[in-house]
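In UniProt numbering, the protein residues as written are 1 to 198.
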């Protein structure tokens, strides 16, 4: 195979989530077949992003400005805060266009085994907004995992101190287009438990 630079490119690509050594080699080969059209623009875009991207001090989103475009959008409802684990979750909700309020990115979930405690979560800015009295509702949109449930209960305990704030959580259960016989036991239990009048 090629020299040190190619090996380093493959090694760095292989560190990306979802990429193993084979897919890293395949992508490297694709980029190197036409470096001026593929590799150089990608390298420049990565460098520009590395210099321009900031973490929003209000919600934890990634953007080129702080506060981010979502936090400063006058068409957003700052009284409804959707709490998510990661920026990827925020992006997914934005892509679906289902939330017109603002966000709080925790940066993870409570996980004693991984050494992640309450002090490691980005909760401070949310509590500051609650202290200011501008929040009417907090939506907990955390993953349906043991860690997500633990984090949700911990947050609900903290949020109970704020009067006049509704705490809700995203519904869990039957996916749109889902068939009962292919769902796991936990999803079936959640779907049945969250039933409502027909």
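Heads up, the beta-carbon is just placed ideally off N, CA and C, and yes, glycines get one too.
Being a predicted model, the structure only gives us computed values, none of them experimental.
Could you compute how far the alpha carbon of residue i sits from the alpha carbon of residue j?
i, j, result
"residue 159", "residue 122", "15 Å"
"residue 54", "residue 48", "12 Å"
"residue 85", "residue 171", "16 Å"
"residue 16", "residue 27", "12 Å"
"residue 87", "residue 36", "32 Å"
"residue 195", "residue 42", "48 Å"
"residue 147", "residue 169", "15 Å"
"residue 130", "residue 77", "14 Å"
"residue 72", "residue 63", "12 Å"
"residue 177", "residue 185", "17 Å"
"residue 128", "residue 66", "17 Å"
"residue 8", "residue 31", "14 Å"
"residue 161", "residue 107", "23 Å"
"residue 57", "residue 68", "8 Å"
"residue 192", "residue 153", "21 Å"
"residue 117", "residue 143", "17 Å"
"residue 4", "residue 29", "14 Å"
"residue 51", "residue 38", "21 Å"
"residue 163", "residue 98", "26 Å"
"residue 113", "residue 120", "14 Å"
"residue 14", "residue 183", "33 Å"
"residue 75", "residue 141", "21 Å"
"residue 45", "residue 20", "23 Å"
"residue 145", "residue 12", "30 Å"
"residue 70", "residue 190", "31 Å"
Under three-state DSSP, which class holds residue i?
i, result
"residue 185", "helix"
Residue i and residue j look like a contact to me (Cβ under 8 Å); what is the Cβ gap, rounded to whole Å?
i, j, result
"residue 10", "residue 25", "6 Å"
"residue 134", "residue 60", "At roughly 18 Å, the Cβ-Cβ gap does not stay under 8 Å, so residue 134 and residue 60 are not in contact."
"residue 126", "residue 83", "7 Å"
"residue 138", "residue 167", "5 Å"
"residue 90", "residue 105", "6 Å"
"residue 173", "residue 187", "6 Å"
First and last residue of the beta strand (DSSP E) that includes residue i?
i, result
"residue 58", "Premise fails: residue 58 is in no beta strand (DSSP E) and is neither H nor E."
"residue 167", "166-169"
Could you confirm whether any beta carbon from chain D is found closer than 7 Å to the beta carbon of residue i?
i, result
"residue 65", "Protein chain content of the structure displayed is limited to a single chain, and chain D is not contained in it."
*asked:* If we require 4 or more residues per run, which alpha helix (DSSP H) segments fall completely within the region 73-157?
replied: Within the region 73-157, the runs of alpha helix (DSSP H) at least 4 residues long that lie entirely inside it are, in chain order, 87-96, 124-132.
*Can you check the region 1-43 for any alpha helix (DSSP H) of at least 4 residues that lies completely inside it and give the ranges in chain order?*
Counting only runs of 4 or more residues that sit fully inside the region 1-43, the alpha helix (DSSP H) segments are 4-14, 21-33, in chain order.
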